[in-house]
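Trainee: Below you will find the structure I want to go over with you.
There are 2 protein chains.
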Amino acid sequence: MKDNNDMPGHLARRFQQIAVAVFLAEVEDAGFDLTPVQYAALATIKANPGLDQVTLAGLIAYDRTTITGVIDRLVQKGLAERRPSSRDRRARELEITDEGRRTLRKITPAVESAQRIMLRGLSAKEGEELMRLLRKAIAAGNELSRAPLRDAQL
Amino acid sequence: MKDNNDMPGHLARRFQQIAVAVFLAEVEDAGFDLTPVQYAALATIKANPGLDQVTLAGLIAYDRTTITGVIDRLVQKGLAERRPSSRDRRARELEITDEGRRTLRKITPAVESAQRIMLRGLSAKEGEELMRLLRKAIAAGNELSRAPLRDAQL
DNA sequence: TACTGATCGTCAGCATACTGATCAATATCA
DNA sequence: TGATATTGATCAGTATGCTGACGATCAGTA
């Protein structure tokens, strides 16, 4: 009988669970209230000013129906803006605010600390190897989820 | 600037996302409607007849407030039973039904197939190494989430 | 035994994720 | 051009996960 610990799916769930908890704890210690999902979205908006929601979702592999709520909360916190696109009246253009920029800058040490903590049981070499294997497995399975990673097509 | 692909937290999220999608697809192909979370709970109930909800939650590292809904759905599907404990009037004893046993038996090939598919980008050796590193990182971070893994204390 | 603290299950509330549907707008092509 | 298909955003509904609170119960102790 296969144990849970032999199931990559179960290990994936556990590792994610810990990763989220560590992220939230570090960010809260730094005095901020931002989830991992909101952080990734905000950082991607900053790096791609004016992008629309579908493109953002593709860049971080979120479902398009999930991104709506995430952006709602970023807007509500004053970290991002959503305005109608001039080129496509269906689309919304996303922009980071000054407040969002400030938050990203000040939160970075906590985010990096979180990434270290979630690998604290591993040596530096093992941490690298874990990330390499995850990247490889993810690349092979990219199309298997409803929200695959996509390049920004310009 | 750190890329998403250098963040273990982001990789964890992506891998989990793919793992869940693969699991659901395989299980549905086999003609069943069971989530990864429900599967793990049901298998653990079968292996530990009469256990209470807190113990179950500890064995699979679920939050105790989450397990309530999961069991609701297993009971509603006729796969498990929840009855008051005779020893502790606060607690509920969980039992798998015959239907639950049948489902577990018939669903096993799909579950195992799913575990293979989510590692399909890796060699057998790499898959083993990924699981080893995940187990190690998880062991070190076990206490960092609200729902750590716990042994059944009897 | 009476008090105190811990524990079991549940609840309300919030934040991801997904399925499938819909509306508006754009693209494509016969 | 006109019919058709596709796309961007949203919505309702469902299922995890979590925080913090609660009532009922149990356990340990003064």
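Residue numbers (this note's numbering), protein chains in the order written: chain D, 1 to 154; chain X, 155 to 308.
Glycine included, every Cβ here is placed at the ideal spot set by N, Cα and C.
State buried or exposed for residue 9 of chain D, treating a residue as buried only when at least 16 other CB atoms are found within 10 Å of its CB.
Mentor: Here residue 9 of chain D refers to the residue found at position 9 of the first sequence. It is buried - the Cβ of residue 9 of chain D has at least 16 other Cβ atoms within 10 Å.
Trainee: Below 7 Å between beta carbons is the criterion; list the residues of the segment 190-216 of chain X that meet it against any residue of chain D, in chain order.
Mentor: Listed by position along the chain: 190, 194, 214, 215.
Trainee: Considering just the uninterrupted stretch of the alpha helix (DSSP H) at residue 165 of chain X, what are its terminal residues?
Mentor: In the second sequence, counting from the first residue as 1, residue 165 of chain X sits at position 11. Taken as a continuous stretch (DSSP letters only), the alpha helix (DSSP H) holding residue 165 of chain X covers 162-183.
Trainee: With a cut-off of 8 Å, do at least 3 Cβ pairs link the segment 60-76 of chain D to the segment 113-125 of chain D?
Mentor: Taking 8 Å as the limit for Cβ pairs, the verdict is that the segment 113-125 of chain D does not touch the segment 60-76 of chain D.
Trainee: Using a 10 Å radius around the Cβ and a threshold of 16 neighbouring Cβ atoms, would you call residue 152 of chain D buried or exposed?
Mentor: Here residue 152 of chain D corresponds to residue number 152 of the first sequence, with the count starting at 1. With fewer than 16 other Cβ atoms within 10 Å, it is exposed.
Trainee: Tell me, which residues are paired with residue 246 of chain X by DSSP?
Mentor: As a working note, residue 246 of chain X is residue 92 in the second sequence. Note: residue 246 of chain X sits in a beta bridge opposite X:238.
Trainee: Please report how far the alpha carbon of residue 216 of chain X lies from the alpha carbon of residue 132 of chain D, in whole angstroms.
Mentor: Position 62 of the second sequence, counting from 1, holds the residue named residue 216 of chain X. Position 132 of the first sequence, counting from 1, holds the residue named residue 132 of chain D. The straight-line gap from Cα to Cα measures roughly 28 Å.
Trainee: Ignore the nearest five residues each way along the sequence and tell me which others in residue 32 of chain D's own chain have a CB closer than 6 Å to its CB.
Mentor: Translated into positions along the first sequence, residue 32 of chain D becomes position 32. If we look at residue 32 of chain D and ignore the five residues flanking it on each side, its Cβ neighbours are 107.
Trainee: Can you name, in chain order, every residue of its own chain whose Cβ lies under 6 Å from the Cβ of residue 154 of chain D, other than the five neighbours on each side?
Mentor: Indexing the first sequence from 1 puts residue 154 of chain D at position 154. Model confidence at residue 154 of chain D stands at a pLDDT of 49, short of 50, so the residue's coordinates are unreliable; what they give is reported in the following sentence. Answer for residue 154 of chain D: no residue qualifies.
Trainee: Cβ of residue 85 of chain D less than 8 Å from any chain X Cβ?
Mentor: Locating residue 85 of chain D in the first sequence gives position 85, where the first residue counts as 1. No, residue 85 of chain D lies away from the interface with chain X (no Cβ there is under 8 Å from its Cβ).
Trainee: Count Cβ pairs between the segment 166-175 of chain X and the segment 131-147 of chain D that sit closer than 8 Å; are there 3 or more?
Mentor: Cβ pair count under 8 Å is three or more, so yes.
Trainee: Which term fits residue 203 of chain X, buried or exposed, when burial requires 16 or more other beta carbons within 10 angstroms of its beta carbon?
Mentor: Along the second sequence, one-based indexing puts residue 203 of chain X at 49. That one is exposed.
Trainee: Rounded to the nearest angstrom, how far is the Cβ of residue 221 of chain X from that of residue 211 of chain X, given a contact under 8 Å?
Mentor: Here residue 221 of chain X refers to the residue found at position 67 when the second sequence is read from its first residue. Here residue 211 of chain X refers to the residue found at position 57 when the second sequence is read from its first residue. With 8 Å as the limit, residue 221 of chain X and residue 211 of chain X qualify as a contact, their Cβ atoms being about 5 Å apart.
Trainee: Tell me which residue opens and which closes the alpha helix (DSSP H) that residue 129 of chain D is part of.
Mentor: Locating residue 129 of chain D in the first sequence gives position 129, counting from the first residue. Per DSSP, residue 129 of chain D belongs to the alpha helix (DSSP H) from 124-141.
Trainee: Flag residue 255 of chain X as yes if its beta-carbon sits less than 8 Å from any beta-carbon of chain D, otherwise no.
Mentor: Position 101 of the second sequence, counting from 1, holds the residue named residue 255 of chain X. No, no contact with chain D.
Trainee: Taking 8 Å as the cut-off, decide whether the C-beta atoms of residue 180 of chain X and residue 268 of chain X are in contact.
Mentor: On the second sequence, residue 180 of chain X is found 26 positions in, with the first residue counted as 1. On the second sequence, residue 268 of chain X is found 114 positions in, with the first residue counted as 1. Yes; because the gap between Cβ atoms is below 8 Å, this pair is in contact.
Trainee: Specify, as a first and last residue, the run of the alpha helix (DSSP H) that residue 187 of chain X falls within.
Mentor: The sequence position of residue 187 of chain X within the second sequence is 33, counting from 1. Here residue 187 of chain X belongs to no alpha helix (DSSP H), and DSSP marks it neither H nor E.
Trainee: Given a threshold of 16 other Cβ atoms within 10 Å of its Cβ, counted over all protein chains shown, does residue 139 of chain D qualify as buried or as exposed?
Mentor: Residue numbering aside, residue 139 of chain D sits at position 139 when the first sequence is read from its first letter. Residue 139 of chain D should be labelled exposed.
Trainee: Below 8 Å between beta carbons: does that hold for residue 213 of chain X and residue 254 of chain X?
Mentor: Here residue 213 of chain X is taken as the residue at index 59 of the second sequence, counted from 1. Here residue 254 of chain X is taken as the residue at index 100 of the second sequence, counted from 1. Not a contact, by the Cβ cut-off of 8 Å.
Trainee: What whole-angstrom Cβ distance do residue 102 of chain D and residue 159 of chain X have, given they're in contact under 8 Å?
Mentor: What you label residue 102 of chain D is simply residue 102 of the first sequence in a count that begins at 1. What you label residue 159 of chain X is simply residue 5 of the second sequence in a count that begins at 1. That pair is no contact at about 26 Å.
Trainee: Taking C-beta pairs closer than 9 Å, name the residues in chain D that residue 176 of chain X reaches, listed in chain order.
Mentor: Position 22 of the second sequence holds residue 176 of chain X. Here the neighbours are 9, 141, 144, 145.
Trainee: Would residue 127 of chain D be called buried (16 or more neighbouring beta carbons within 10 Å of its own) or exposed?
Mentor: To locate residue 127 of chain D, count along the first sequence from 1; it is residue 127. By the neighbour-count rule (16 or more Cβ atoms within 10 Å), residue 127 of chain D is buried.
Trainee: Measure the alpha-carbon distance for residue 192 of chain X versus residue 171 of chain X and round it to whole angstroms.
Mentor: Stepping through the second sequence from its first residue, residue 192 of chain X is reached at position 38. Stepping through the second sequence from its first residue, residue 171 of chain X is reached at position 17. When rounded, the distance between both Cα atoms is 16 Å.
Trainee: Name the chain X residues whose beta carbon is nearer than 8 Å to that of residue 94 of chain D?
Mentor: The count along the first sequence starts at 1 and reaches residue 94 of chain D at position 94. By Cβ distance, chain X contributes nothing, its closest Cβ being about 17 Å from residue 94 of chain D, past 8 Å.
Trainee: First and last residue of the alpha helix (DSSP H) that includes residue 226 of chain X?
Mentor: Here residue 226 of chain X refers to the residue found at position 72 when the second sequence is read from its first residue. Residue 226 of chain X -> alpha helix (DSSP H) spans 218-230.
Trainee: Are the C-beta atoms of residue 171 of chain X and some chain D residue less than 8 Å apart?
Mentor: Within the second sequence, residue 171 of chain X is the residue found at index 17, counting from 1. Residue 171 of chain X counts as touching chain D.
Trainee: Counting only Cβ-Cβ distances shorter than 8 Å, please list the residues of the segment 127-141 of chain D near chain X, keeping chain order.
Mentor: Against chain X - using a Cβ distance shorter than 8 Å - the residues of the segment 127-141 of chain D are 127, 129, 130, 131, 133, 134, 135, 136, 137, 138, 139, 140, 141.
Trainee: I think residue 92 of chain D touches residue 86 of chain D, with their Cβ atoms under 8 Å apart; what is that distance to the nearest whole Å?
Mentor: In the first sequence, counting from the first residue as 1, residue 92 of chain D sits at position 92. In the first sequence, counting from the first residue as 1, residue 86 of chain D sits at position 86. Contact flag wrong, Cβ pair sits at about 11 Å.
Trainee: At the level of alpha carbons, what is the spacing between residue 130 of chain D and residue 11 of chain D?
Mentor: As a first step, residue 130 of chain D is located in the first sequence; it is residue number 130 there, counting from the start. As a first step, residue 11 of chain D is located in the first sequence; it is residue number 11 there, counting from the start. Taking the straight line joining both Cα atoms gives about 13 Å.
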